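Beneath this line is the structure, given in structure tokens, with notes to follow.
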Amino acid sequence: MRGRAICNQKGRFLLEVATVIPQEVRSPIVHRLTDELNRIARFGANITDAHTCAVFVPAGLMRNSAQGDSTSAGGLVLAGSHSLANDLMLGCEVPLHTGLIGWVATHGRSIHVAPFEHESRVLGMYSQSHDLKSFIGVPITLGGSDDRCAATGVITCDSKKSFAFSKLQGKWLEDLAQQAATTLSLLLDAGGAGSAHSCWETFRSKAGELASALGADSIDVLRVRLSNFPHIEACLGPSAGYDLFEQFLRLVQQSLPPHFPLFQAPAGDLIIVLDNMMTQFHETRILALAKHLCPPGLTLELEFSRSRRAGKGRSLEGMIRETAEAFDTAPRGEVREHRIA
Numbered sequence: 009m010r011g012r013a014i015c016n017q018k019g020r021f022l023l024e025v026a027t028v029i030p031q032e033v034r035s036p037i038v039h040r041l042t043d044e045l046n047r048i049a050r051f052g053a054n055i056t057d058a059h060t061c062a063v064f065v066p067a068g069l070m071r072n073s074a075q076g077d078s079t080s081a082g083g084l085v086l087a088g089s090h091s092l093a094n095d096l097m098l099g100c101e102v103p104l105h106t107g108l109i110g111w112v113a114t115h116g117r118s119i120h121v122a123p124f125e126h127e128s129r130v131l132g133m134y135s136q137s138h139d140l141k142s143f144i145g146v147p148i149t150l151g152g153s154d155d156r157c158a159a160t161g162v163i164t165c166d167s168k169k170s171f172a173f174s175k176l177q178g179k180w181l182e183d184l185a186q187q188a189a190t191t192l193s194l195l196l197d198a199g200g201a202g203s204a205h206s207c208w209e210t211f212r213s214k215a216g217e218l219a220s221a222l223g224a225d226s227i228d229v230l231r232v233r234l235s236n237f238p239h240i241e242a243c244l245g246p247s248a249g250y251d252l253f254e255q256f257l258r259l260v261q262q263s264l265p266p267h268f269p270l271f272q273a274p275a276g277d278l279i280i281v282l283d284n285m286m287t288q289f290h291e292t293r294i295l296a297l298a299k300h301l302c303p304p305g306l307t308l309e310l311e312f313s314r315s316r317r318a319g320k321g322r323s324l325e326g327m328i329r330e331t332a333e334a335f336d337t338a339p340r341g342e343v344r345e346h347r348i349a
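Here's what the structure looks like:
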């Protein structure tokens, strides 16, 4: 399952796209994270007698982006769970700014809904309807101590029983959220989950795993270039200009599902390997991120080039080389695209 549109019975309360991460493309550190967060979720389910306990983390953290802005674009990945349901969409991603789970992450505050009167699929993690009676979500604060610079995950519990979660259970979940934050920090610091600054071999290995999982004909290589950075540096100064580029890079990382590898080339180009059904979607999202970051009076001018459709005998390196050559050889409007955020 590549994606699923989820809405309530009236079709108006929520529309979410859930992206399931194939098991084959998860790196060893992501396996370790999943194991630890599953253990935390089991403990959470036991102390609250929950139907489901789920642990969501920012997608950027799965790429070792622990210092991203909690209000930035990107989703929350279901990274750990313990459930009595058999239709939980493991590895799904829910929007950051939509729904109950997104609200907890965006505002960094707990929420307790009892009675729970919504269709259960609005939570974004169930594919079928469940008769839930109560729901609680607690933020997992990650990253720096400054809330403006900290990412936020969410630990949730729901129940089919008629009573609400108690204040003591809520306090236990808050303590568990702190434990989850510590576990994530230690594991990411120790092993890293892949970032734009990771080594070329790691990037190539993850891209190969994605090609094996989806099929060579189903992947795309997208190259993104910030073409007017010298002008931005001249206007803002080196420090502010570099900070702006680093912030843009972080937001791009967080906007990508963790199984789409990203590499920052020495010249600054961003090279992304992704499902070719999602290329246009992510290109549009990257443009929106750049527009969001633009200071008054400045624009971030982005250029995109993408490889031709993969085929038999075509290597990943050949596809990447095509995106580089496109900037120098292709007429505008063909392989190369020049767009201003």
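All residue numbers for the sequence shown refer to my numbering, where the first residue is 9 and numbers rise by one.
Every residue, glycine too, gets a C-beta built ideally from N, C-alpha and C.
Note that the structure is predicted; figures quoted are calculated from it, not measured.
Rounded C-alpha distance that separates residue i from residue j
| i | j | result |
| --- | --- | --- |
| valine 121 | glycine 249 | 44 Å |
| aspartate 77 | arginine 117 | Any reading at aspartate 77 must be qualified, since the residue scores a pLDDT of 39, below 50, and its modelled position is unreliable; the value itself is stated next. Going from the Cα of aspartate 77 to the Cα of arginine 117 covers about 16 Å. |
| glutamate 330 | glutamate 254 | 26 Å |
| threonine 79 | histidine 59 | Residue confidence for threonine 79 is low, a pLDDT of 37 falling below 50, so the modelled location carries little weight and cannot support an answer. |
| serine 213 | alanine 67 | 20 Å |
| alanine 4 | serine 89 | The structure shown does not extend to residue 4, since the chain is modelled only from 9 to 349, so the question has no answer here. |
| glycine 326 | threonine 42 | 34 Å |
| leucine 230 | alanine 334 | 11 Å |
| alanine 87 | lysine 175 | 26 Å |
| alanine 332 | proline 274 | 13 Å |
| leucine 264 | histidine 290 | 8 Å |
| glycine 200 | glycine 99 | Per-residue confidence for glycine 200 stands at a pLDDT of 46, beneath the threshold of 50, marking its modelled position as unreliable; no derived number is given. |
| asparagine 94 | asparagine 54 | 18 Å |
| phenylalanine 271 | leucine 259 | 14 Å |
| leucine 295 | alanine 172 | 44 Å |
| isoleucine 280 | proline 269 | 6 Å |
| arginine 129 | proline 303 | 39 Å |
For residue i, three-class secondary structure by DSSP
| i | result |
| --- | --- |
| arginine 314 | strand |
| leucine 84 | strand |
| leucine 150 | strand |
| glycine 107 | helix |
| serine 135 | coil |
| aspartate 43 | helix |
| histidine 90 | strand |
| leucine 176 | helix |
| aspartate 57 | coil |
| glycine 326 | helix |
| threonine 307 | coil |
| leucine 96 | strand |
| cysteine 157 | Summary for cysteine 157: the model assigns pLDDT 38, below 50, so the residue's position carries little reliability; its value from the coordinates is reported in the next sentence. If DSSP states are grouped into helix, strand and coil, cysteine 157 belongs with the helices. |
| phenylalanine 51 | helix |
| alanine 62 | strand |
| histidine 115 | helix |
| phenylalanine 171 | coil |
| phenylalanine 289 | helix |
Beta-carbon proximity list for residue i, same chain, < 7 Å, skipping 5 on both sides
| i | result |
| --- | --- |
| alanine 219 | Ile227, Leu324 |
| isoleucine 109 | Phe64, Leu84, Val102, Leu131, Gly132, Gly145, Val162, Thr164 |
| alanine 185 | Val146, Pro147, Ile148, Ile163 |
Beta-carbon contacts of residue i that lie in its chain and below 8 Å, excluding the five residues immediately before and after
| i | result |
| --- | --- |
| lysine 168 | His59, His138, Asp139, Leu140, Lys141 |
Cutoff 9 Å: residue i Cβ touching any chain B Cβ
| i | result |
| --- | --- |
| glycine 110 | In the structure shown, chain B cannot be found, because there is only a single protein chain. |
Cβ-Cβ separation, residue j to residue i (assumed contact under 8 Å), whole Å
| i | j | result |
| --- | --- | --- |
| glutamate 309 | leucine 195 | Actually they are not in contact, since the Cβ atoms of glutamate 309 and leucine 195 sit about 38 Å apart, beyond 8 Å. |
| glycine 188 | proline 147 | At residue 188 the sequence reads alanine, which differs from the glycine that was named. Alanine 188 to proline 147, Cβ: 10 Å. No contact. |
(request) Just list the alpha helix (DSSP H) runs in the region 202-284, keeping only unbroken ones of 4 residues or longer that don't cross its boundaries, in chain order. (result) Restricting attention to alpha helix (DSSP H) runs no shorter than 4 residues, the region 202-284 encloses them at 208-222, 237-244, 246-263, ordered along the chain.
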